[in-house]
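Since the structure comes first, as structure tokens, the remarks are kept for the end.
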Amino acid sequence: MDRIPLKAVEREILGKKVARLRRDGLIPAHVFGNKIETEHVSVNTLEFKKVYSEAGETGLVDLKIGGRNLPAGRQEVRPVLIREVQLDPLTDAPLHVDFYQVNLSEKVTVAVPVSLIGDEPEIVHTGEAVVIQPLMEVEVEALPDNLPEKIEVDITTLRAIDDAILVSSLKVPEGVTVVTDPEAVVVKLDNAVTEEMKKLMEEQAAEQAAAAAAPPAGGEAAAEGEAPAEGEITEGEAAEGNGPEESKGEAEKKPAEEKSRQ
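Under UniProt numbering, the very last position in the sequence shown is 262; numbers go up by exactly one each time.
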């Protein structure tokens, strides 16, 4: 991919005051990199959006910086990658940008998007399977000028359930090394959840919920391991004659009966 030019201007407005820049159609940004001092710049919002849509985070950008410290009309050109873009959570408008200045003779590691190409297999069209893509991007290492915009994966080789394409099978340009785990699954075919299967799972869930809510067999019998209520005679006690204590009247009656027998 050819480098894309983008104009930037040195800025002295920092902190909360950068809101004024945004109102003027500018985005505050930083330029940082290995062995360089971080610089504060601003870029035109509309121009940045156009460049970002073309370059993404893997395309090289020629950042042309102008400012007070340079002679009139002169610009410093920095080869950069768009490393991070902070977006407004409500409007998705870019609020801040980090540009990473690269050394063209040193390799960098970046995340490259994975793009699926090719017709889906027949079992997907018949509703028996679905295409699952666990990895939306993979990390690669290359010289900045050799970074691919994306990595394409042909899914026409997938034919049966559980067929998969691993990272080790990816085809990348010469000079590019994939550093993501080679055994990681990029894309695979999995069983489709049909409407009948959904209905069956819902019925099974309802049956399990009803069974859990039903009282245990035998009414309100004590749960296993639960002690009997106070004064209650257990089956074993009744058989052995170990019932509750005798009443006072019964205790007095026994001596009288024994005396009459004498």
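For each residue, glycine too, the CB sits at the ideal point set by N, CA and C.
Legend entry - Backbone secondary structure at Thr-156 - three-state DSSP: Helix.
Legend entry - Reduced DSSP secondary structure (H/G/I, E/B, other) of Leu-21: The DSSP-derived three-state label of Leu-21 is helix.
Inset, instruction - Could you have a look at Ile-165 and say whether DSSP puts it in helix, strand or coil? - result: Looking at Ile-165 - three-state DSSP - the assignment turns out to be strand.
Legend entry - Beta-carbon proximity check, Glu-120 vs Val-112, cutoff 9 Å: Contact check for Glu-120 against Val-112 fails: the beta carbons are separated by 9 Å or more.
Legend entry - Coarse secondary structure for Ala-239, derived from DSSP in three states: Because Ala-239 sits at a pLDDT of 40, beneath the cut-off of 50, its placement in the model cannot be relied upon, and the following sentence gives the value as read from the coordinates. Correct three-state label for Ala-239: helix.
Inset, instruction - Quick one: using the 10 Å Cβ neighbour count with 16 as the cut-off for buried, is Pro-144 buried or exposed? - result: With at least 16 other beta carbons inside 10 angstroms of its own, Pro-144 counts as buried.
Legend entry - Inter-stretch contact at 8 Å, needing at least 3 Cβ pairs: the region 178–185 / the region 148–168: Here the region 178–185 makes contact with the region 148–168; the two share three or more CB pairs at distances below 8 Å.
Inset, instruction - Pull up the DSSP beta-bridge partners for Thr-58, would you. - result: Paired residues: none, contrary to the question.
Legend entry - Burial state of Glu-39 (16 or more Cβ within 10 Å): Counting the other Cβ atoms within 10 Å of the Cβ of Glu-39 gives 16 or more, which makes it buried.
Inset, instruction - Determine the closest residue to Leu-46 out of Leu-147, Asp-162 and Arg-22, with distance taken between C-alpha atoms. - result: For Leu-46, the closest alpha carbon among the candidates Leu-147, Asp-162 and Arg-22 is that of Arg-22.
Legend entry - Inter-residue Cα distance where the pair is Asp-24 and Leu-60: When rounded, the distance between both Cα atoms is 27 Å.
Legend entry - Contact set for Val-51: own chain, Cβ-Cβ below 7 Å, skip 5 residues either direction: Answer for Val-51: Ile-4, Leu-6 and Val-61, listed in chain order.
Legend entry - Beta-carbon proximity of Glu-141 to Val-193, cut-off 9 Å: No, the pair does not count as a contact, with Cβ atoms beyond the cut-off.
Inset, instruction - Measure the C-alpha to C-alpha separation of Val-179 and Glu-203 and round it to an integer number of angstroms. - result: Rounded to whole angstroms, the separation of the alpha carbons of Glu-203 and Val-179 is 46 Å.
Inset, instruction - Check whether the Cβ atoms of Val-172 and Glu-139 lie closer than 9 Å to each other. - result: Contact flag unset, no.
Legend entry - Local conformation of Asn-146 per DSSP, three classes: Helix at Asn-146.
Legend entry - Buried or exposed by the 16-neighbour rule on C-beta atoms within 10 Å, applied to Ala-129: The residue in question, Ala-129, is buried, as its Cβ has 16 or more Cβ neighbours within 10 Å.
Legend entry - Those runs of the alpha helix (DSSP H) which lie wholly inside the region 92–142 and span at least 4 residues: The qualifying runs are 122–125.
Inset, instruction - Identify the continuous beta strand (DSSP E) that holds Ile-82 and give its terminal residues. - result: Segment 76–87, the beta strand (DSSP E) holding Ile-82.
Inset, instruction - Have a look at the DSSP bridge pairing and note the partners of Phe-32. - result: DSSP output for Phe-32 lists Tyr-100 as bridge partner(s).
Legend entry - Under 9 Å between C-beta atoms of Lys-199 and Ala-164: Contact: no.
Inset, instruction - List the DSSP bridge partners of residue 278. - result: Coverage of the chain is limited to positions 1 through 262, which leaves residue 278 absent and any answer about it impossible.
Legend entry - Bridge partner(s) assigned by DSSP for Glu-39: Its beta-bridge partners are Val-31.
Inset, instruction - Answer yes or no: do Lys-64 and Ala-8 have a C-beta to C-beta separation smaller than 9 Å? - result: Against a cut-off of 9 Å, the Cβ pair of Ala-8 and Lys-64 comes out as a contact.
Inset, instruction - Compare the C-alpha of Arg-83 against each of Gly-33, Ala-209 and Ser-115 and name the closest. - result: The shortest Cα separation from Arg-83 among Gly-33, Ala-209 and Ser-115 belongs to Gly-33.
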